[in-house]
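Input: a single structure, listed below in structure tokens.
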Amino acid sequence: MQLTTSSFDSAHDETLSALWSDLEERGCSTAFQSLAFIQSLEDTVARERDGEPFYIAILDPADGRALMIVPLTARKTVGFRRIDFLDHGMADHEFPLVSNDVANNPALAEHLRQAFYAALPPHDVLIMPKLIREFCGVPNPLWSDRRMIETRDGSSRIDLDADSLARDRSDRSVYAKMAKQRAKLEKLPDFEIVEAKTPREIDSILNAMASQRLKRFSNYGANDPLQDAAVFSHCRRLAINGCASGKILLHGLRVGDEWIATSYCLCHKNVVTGTLCSISEGRYKKHSPGLIASVLEIEWAQRNGFALYDFGAGTYNYKDRFGGSHRPMKAMVNAATHLGALYRIAWKARLALRFWLTDRPALHTWLRLRKSALLRMLGRDTGSQGMRADRAVPAAGRS
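Going by numbering that gives the first Met the number 0, the letters in the sequence shown line up with residues 0 to 398, in that order.
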């Protein structure tokens, strides 16, 4: 099967935008591969990071329509020519924009994969650390079992059909417990649940979220990406453009002037994905407002006709309380040169160190705190080193 490919330097390119919009409408994509998300990412976070975004579109020669589009970034790291999936830590998982036809045509998936590799510019190493095998029943053409590396990362999702959710409510005590806690909060005269629609509500909730996350992450010497001005701008831009239309769900639980929990979800096609959350450490923490926010998100998603609720990346205990199915993420680190092979060895060694530290949480926390203290002494910002920091903080959950 002969496929054609085209490369683009910007998601704002008129030809690429047209191809993207068409494939997004009829194909399979995660919330992190919507055109709105990618264009915002390119305009905010990508401008502040090393590397240059580029996009590979694989086309059907019969009609010129896109079959797969992969967003990438090219950069040099200590002399290594490196190509990454374009997310700069903002995507929970990596999955290309792809035609639904690959679900029933394994040969097409293989052709797309080979065409993608052939279209890559010269490089030493290709790194995709958060690949998922499938999304909504459509396989990932970039996934190759013989190339995948275990990372211990993953996410969980809940089916929102009436029978599945009713079964979860019956089997999982968290729903009943949170209903009781919510009832206690609702007895307070100044308690309210706010679904942000206006710029004022959006800014109030996002500012509270950033403040709460900074305090909590700092206690563990970890980095909160939301402290990065570019990341905050990206999240705010999506919310300003998407809250009123239902593309973004931004919740806040408030008692008087105090936000006691906040949450941020991407709503795309049939899936609601929870990406950011925060809780106050004040006197209302005993009511588990973060878990109440999770229940509110799930209920909102079902009420608005979504098929799945995705908890996003990370393996926290609170997610297990809701049931759902686990989806592992694996890494692909392909060396194209001898230099790339050396980089792959170093990358796997760093991963092994991460595993070792994860199995020793007290030591891990101590080292993070020491590192943060040293960076502060040197006058360096410690709050904006990437979204993956969420996964390393035991207290970043919603209890």
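Backbone N, C-alpha and C fix where the C-beta goes; we use that ideal spot for every residue, glycine too.
Residue ranges of each alpha helix (DSSP H) within the segment 143-176, 4 or longer: 161-170
Sub-7 Å separation of T261 and M208 beta-carbons: yes
Per-residue burial, Y54 [other beta carbons within 10 Å of its own, 16 or more giving buried]: buried
Nearest-angstrom Cα separation, counted from K284 out to S169: 25 Å
Rounded separation between S5 and R326 - CA only: Rounded to whole angstroms, the separation of the alpha carbons of R326 and S5 is 32 Å.
Helix, strand or coil at D12 [DSSP, three-state]: coil
Among A361, I157, E109, M177, nearest to F305 - alpha-carbon criterion: I157
Same chain, Cβ closer than 8 Å to E51, neighbours up to 5 away in sequence not counted: D8, T72, A73, R74
Spatial distance of A335 from V124 (CA atoms): 6 Å
Integer-rounded CB distance, given that Y308 should sit under 8 Å from V271: 5 Å
Touching by the beta-carbon criterion (3+ pairs, under 8 Å), the segment 251-261 and the segment 195-208: yes
DSSP state of G385 mapped onto helix, strand, coil: With a pLDDT of only 36 at G385, under 50, the local geometry of the prediction cannot be trusted, and no value is derived from it.
Touching by the beta-carbon criterion (3+ pairs, under 8 Å), the segment 185-196 and the segment 361-373: no
Pair within 7 Å by beta-carbon distance, H286 and L184: Cβ atoms of H286 and L184: closer than 7 Å.
Residue(s) in a DSSP beta bridge with K318: Per DSSP, none; premise fails for K318.
Residues that DSSP places opposite F31 in a beta bridge: DSSP lists no partner for F31.
Whole runs of the beta strand (DSSP E) within the segment 75-117, excluding any shorter than 3 residues: 79-84
Nearest neighbour of R253, chosen from D162, I278, M89, S244 [CA to CA]: Among D162, I278, M89, S244, the Cα nearest to that of R253 belongs to I278.
Neighbourhood of G220 by C-beta, 6 Å cutoff - its chain only, sequence neighbours within 5 removed: R367, L368, S371
Own chain, CB closer than 6 Å to M0, minus 5 neighbours either side, in chain order: H110
Outcome for S28 when other beta-carbon atoms lying within 10 angstroms are tallied against a minimum of 16: buried
Minimum length 3: unbroken beta strand (DSSP E) runs contained in the segment 291-372: 307-312, 324-334
Under 7 Å between C-beta atoms of I131 and D83: no
Beta-carbon proximity list for D21, same chain, < 8 Å, skipping 5 on both sides: Contacts found: R64, A65.
Integer-rounded CB distance, given that P138 should sit under 8 Å from V101: Confirmed, Cβ separation roughly 6 Å.
Straight-line gap, R390 to A340 (C-alpha atoms, nearest Å): Its pLDDT being 30, under 50, R390 is placed unreliably in this model, and the value from its coordinates should be taken loosely. R390 and A340: Cα-Cα distance of roughly 28 Å.
Where N222 falls, given that 16 or more other Cβ within 10 Å makes a residue buried: N222 comes out buried.
Contact set for G323: own chain, Cβ-Cβ below 6 Å, skip 5 residues either direction: S155, R156, I157
S16 versus R181: straight-line alpha-carbon distance, rounded: 44 Å
Simplified DSSP assignment, three categories, for P120: coil
Check whether G273 and G241 have beta carbons under 7 Å apart: no
Environment of E13 [buried if 16+ CB atoms lie within 10 Å]: exposed
CB of S39 within 7 Å of CB of H233, strictly: It is a contact, given that the beta carbons lie within the stated cut-off.
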